[in-house]
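Asker: Take a look at this one; I'll ask things after.
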Amino acid sequence: MDQVGTVYTAQWFEFDYVGVIFGNDLVWDPNINDWKAVPQNSCDQSVKANNPNLTKHLKNVYRVLLSRAHYGV
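Numbering (my numbering), first residue to last: 3 to 75.
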């Protein structure tokens, strides 16, 4: 492993391979068959404060991370 970063440092960059660690701030809810945000599990105070679109935001964060790899995730 040569580099470690976050969604903020990975934007606009691409890598050969990417490993993504999913936190428990975005979880799959089988009752609604969709993803849902769990704000109390997020450490990013500026993102979760008064954010009615937190689920959409977190899905985008993980999408960015998962799409940075050329060869594999």
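Each residue gets a CB set at the ideal place from its N, CA and C atoms; glycine is no exception. Treat the numbers as computed from the prediction; the structure is a model and nothing was measured.
With a cut-off of 8 Å, do at least 3 Cβ pairs link the segment 36-44 to the segment 55-62?
Answerer: Touching, yes.
Asker: So, under 8 Å CB-CB, K61 and L28 are touching, yes? Tell me the CB distance rounded to an integer number of Å.
Answerer: Right, the Cβ-Cβ distance comes to about 7 Å (below 8 Å), so this counts as a contact.
Asker: How is V66 classed by DSSP in three states: helix, strand or coil?
Answerer: Helix at V66.
Asker: Please classify V63 as buried or exposed, where buried requires at least 16 other C-beta atoms within 10 Å of its C-beta.
Answerer: Looking at its Cβ environment, which holds 16 or more other Cβ atoms inside 10 Å, V63 is buried.
Asker: DSSP on V40, reduced to helix/strand/coil?
Answerer: Three-state result, V40: coil.
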